[in-house]
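Asks:
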Amino acid sequence: MADPVMEAVDLTPWLGRPDPIQRLEINGQVCWLKQASAPHSAWRYRALTLFARRLNIALLQPVPNPGGTESIAIEKRRLIQLRELGLRVPDVLCHGKSFLLLSDLGPDLRHRLRATTQAEERLELLQRVLSVLLDLHRHGGFLSQAFPRNITVNDLGQVGFLDFEDDPAAVLTTAQAQARDLLLLAMNVLYFFEDCLQQAALVLHGFLVGWSPAPRAEFVDAVGKLQGIKRWLDQLWFGRRLPRQRAMMTGLNEAVSLL
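The opening residue of the sequence shown carries number 2 in my numbering; numbering runs sequentially from there.
Here it is, written out as structure tokens:
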């Protein structure tokens, strides 16, 4: 719901600047001005589509981001839908055809994970995020870009989600979109758990056990195909020097193998 106080603020000094996302402080409140930006280049989508087809993993096919005012409209619509499902997402403080002024949800998950050296605290953060994601999926919802940078955890431990410029429903079924959520999150977060990878895999396994059969089957199928990449990397001298990729592959495989 729009904020009458924020709607009265003159945003002209910031609108039209080249940065599509700007951090502002208005009346003592941190907020984010998100403006319409150019669509991603066609060659990028073609390359990602070819990669997904090569691996035969539907979950990795790119979700089109139309850019411009259409992306702003998609994000506004998705924020409303996800809030109705109980997800913590930014408030739309005010909006126009080419912009959204969004509330701040706190530090992102990357910041939280890097801020602690305690494995127990990092595992608890992962468990907290996955619990919220599982609840969303049980209500039939799904995210857009489930990367750690788009997940927030405030000082009260409340989990929030950002960045909804695209809609996976344009190219994926609900089960595929939900499986994609977990795959994107796991692929980009397991690196933070190199010192406790087995425990992190157990946390992921707990999510899989509580998940619906349809997205779980999509996820397990994708992980199985990704293991071919791990075996290929293991055979290459530089493959052993890619800790992020190896941690991701190992963690995914362990979580699935426990089923």
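The beta-carbon is built from N, C-alpha and C at its ideal position, and this holds for glycine as well.
Between the stretch 75-83 and the stretch 163-171, can you find at least three pairs of beta-carbon atoms closer than 8 Å?
Replies: Touching, per the Cβ criterion.
Asks: Let me know the secondary structure DSSP gives residue 207 once reduced to three states.
Replies: It is helical.
Asks: Within 10 angstroms of the Cβ of residue 19, are there 16 or more other Cβ atoms? Answer buried if so, exposed if not.
Replies: By the 10 Å Cβ count, residue 19 comes out exposed.
Asks: Taking the alpha carbon of residue 106 as the reference point, which residue from 139, 221, 158 has its own alpha carbon closest?
Replies: Measuring from the Cα of residue 106, the nearest candidate turns out to be 158.
Asks: Quick check: what's the CA-CA separation for residue 26 versus residue 36?
Replies: Near 16 Å, if we compare the C-alpha coordinates of residue 36 and residue 26.
Asks: Is residue 96 helix, strand or coil when you go by DSSP?
Replies: Residue 96 falls in the strand class under three-state DSSP.
Asks: For residue 177 versus residue 59, is the C-beta distance shorter than 8 Å?
Replies: Yes. Within cutoff.
Asks: Within its chain, find whatever has a CB closer than 6 Å to the CB of residue 202; leave out the 5 residues flanking it on each side and keep chain order.
Replies: These residues qualify, in order along the chain: 252, 255, 256.
Asks: Can you tell me whether residue 44 is helix, strand or coil according to DSSP?
Replies: DSSP places residue 44 in helix when its eight states are reduced to three.
Asks: Consult DSSP for residue 177 and reduce its assignment to one of helix, strand or coil.
Replies: Residue 177 falls in the helix class under three-state DSSP.
Asks: Where does the unbroken alpha helix (DSSP H) through residue 29 begin, and where does it stop?
Replies: Neither: residue 29 is in no alpha helix (DSSP H) and is coded neither H nor E.
Asks: May I ask which residues mark the beginning and end of the beta strand (DSSP E) holding residue 310?
Replies: Past the edges of the chain, shown from 2 to 260, lies residue 310, and the structure says nothing about it.
Asks: Tell me whether residue 148 sits in a helix, a strand or coil according to DSSP, three-state version.
Replies: In the structure shown, residue 148 sits in coil (DSSP, three-state: anything other than H, G, I, E or B).
Asks: Can the beta-carbon of residue 149 be found closer than 8 Å to that of residue 109?
Replies: Cβ atoms of residue 149 and residue 109: closer than 8 Å.
Asks: According to DSSP, simplified to helix, strand and coil, what is residue 24?
Replies: Three-state DSSP puts residue 24 in a strand.
Asks: Do residue 41 and residue 86 have their beta-carbon atoms positioned less than 8 Å apart in this structure?
Replies: Cβ atoms of residue 86 and residue 41: not closer than 8 Å.
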